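Read in order, the letters of the sequence shown correspond to residues 3 to 295 in the numbering used here. Every residue gets a Cβ at the ideal spot worked out from N, C-alpha and C, and that includes glycine. Quick caveat: nothing in here was measured; it's all calculated off a predicted structure.
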Amino acid sequence: MQTSAVTYKIERYTIDQLESKIKTYGKTMSKKKSKKIRKEQAQELSSAEPEHPELAAEKTAAIASYIKDPDYRLRCKAAIDILMAKLKMINAELSGQKKRTVISQITNRIKSAESIYAKLLKKGLEPDFETARKNLKDLIGIRVVCPFEDELYQVAESLEMQKDIEIVRIKDYIKNPKKNGYKSLHLIVKTPIFLKEGKKMITVEVQLRTIAMDFWASLEHKLRYKKSIPEDQSKYLAEEMMDCAQISSALDERMQKVRDVIMQAEEKEEEKSSGVEPLMLRGLTERIRQKNL
Ligand code: 0O2
């Protein structure tokens, strides 16, 4: 058994040097070190990928066949429907309390085969669906966009309070933005879905962003996938996006402050009117009653 394992490794090494290196080193190194090595290997793999477009197309097509499977899509849809319903309820509740819309947009997507393939390569993993299922937490994604930053945390908190939802991981790129300026609050959640064979927990990534963060991220996402941009321009664009990220953060902060001032003014008005209004209404009701006599 042991011998065959070694033979297997040697064979793999000869057949596919890069994959073998990742596996051999990945098993023996510490988790942190293996992650670093995987990243380096991933770079090698990604740079090797354009040389094998046919293989890439074949592997992407194999992933696509799983993605198109009606059973897979049904499970994804069930998880999306449950979370969307919860988020809509959260929006209704919070918006009711605040008397304005708290969530301006909720969208969802099932990760495409192309995106799965690219992400697995980037992570230095085998580009097949089984590996994706085990390693990628964003095969199903929901994006929540709110006007204000503090309300993203309120929505996240409300989601956390739902008894049947399990928050597996929180990645706060708002408090700790990425080096390129990316900001967003990511929650990896598990939601139950109910099938003929019973309850099943499905992993979903929920991204929460302000309108400004979403605007920035959408443009940056487009840039990331534009391979035809010349190197000198891409350096300039990265700097430009970094600048835009700072402006966008500042805008979020200032808009929130303006909203706070408006809210305080509204609260004062309500306080003032709460003493007067009932009397006025009583007078009005009385006048109407007398008129109708
Ligand atoms: P797509 O096309 O949107 O699906 P991890 O395993 O947690 O270490 P992972 O899953 O890459 O690594 O986590 P991360 O960094 O939280 O990224 C998950 C998703 O967040 C990405 O999915 C993007 O949607 C978004 N994201 C993360 N970083 C950036 C960024 O710098 N710019 C933009 N525009 N979006 C970002 P995908 O698969 O990369 O892309």
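To the nearest angstrom, how far is the alpha carbon of residue i from that of residue j?
i      : j      : result
Glu272 : Met265 : 10 Å
Gly126 : Thr133 : 11 Å
Glu233 : Lys173 : 31 Å
Ser230 : Lys136 : 33 Å
Val260 : Phe150 : 11 Å
Ser276 : Asp245 : 46 Å
Glu159 : Val147 : 15 Å
Lys101 : Tyr238 : 43 Å
Lys201 : Glu116 : 30 Å
Ile167 : Ala120 : 29 Å
His223 : Met257 : 25 Å
Leu154 : Glu241 : 27 Å
Glu56  : Ser220 : 30 Å
Thr193 : Lys90  : 15 Å
Cys180 : Glu207 : The sequence given here has Lys at residue 180, not Cys. Approximately 18 Å between the Cα atoms of the pair.
Lys198 : Lys70  : 21 Å
Quick one: what does DSSP say residue i is sitting in, helix, strand or coil?
i      : result
Pro194 : strand
Ser275 : helix
Val104 : coil
Ile264 : helix
Glu116 : helix
Glu128 : coil
Glu241 : helix
Glu13  : For Glu13, the predicted model reports a pLDDT of 35, less than 50, meaning its position is unreliable; a value from the coordinates is still stated below. Glu13 falls in the helix class under three-state DSSP.
Tyr155 : helix
Ala219 : helix
Asn93  : helix
Since residue i sits in a beta bridge, which residues does DSSP pair it with?
i      : result
Asp174 : Leu187
Val147 : Gln107, Arg211
Ile204 : Thr193
Ile142 : Ile112
Ile169 : Val191
Considering Cα atoms alone, identify which of the options is closest to residue i.
i      : options                        : result
Ile213 : Asp174, Ser230, Asp152         : Asp152
His188 : Pro194, Ser114, Tyr175, Lys181 : Tyr175
Leu123 : Lys177, Leu197, Lys70, Ala58   : Ala58
Lys185 : Arg256, Lys198, Thr193, Gln209 : Gln209
Ala252 : Ala81, Lys202, Met215, Pro129  : Met215
Ile118 : Tyr68, Met86, Gln99, Ala80     : Tyr68
Leu191 : Ala64, Leu85, Asp71, Tyr74     : The sequence given here has Val at residue 191, not Leu. Taking only the C-alpha atoms, the option nearest Val191 is Leu85.
Ile2   : Ile108, Glu60, Val263, Lys61   : The structure shown does not extend to residue 2, since the chain is modelled only from 3 through 295, so no value can be given for it.
Arg211 : Leu76, Arg145, Lys228, Gln99   : Arg145
Could you tell me whether the Cβ of residue i comes closer than 8 Å to any Cβ of chain D?
i      : result
Arg226 : The structure shown contains no chain D; it is built from a single protein chain.
Give me the Cβ distance between residue i and residue j, rounded to the nearest whole Å; I'm assuming they're in contact under 8 Å.
i      : j      : result
Lys88  : Gln164 : 6 Å
Ala64  : Asp140 : With a Cβ gap of about 20 Å, Ala64 and Asp140 do not count as contacting.
Ile204 : Ile105 : Incorrect: roughly 22 Å between the Cβ atoms, too far for contact.
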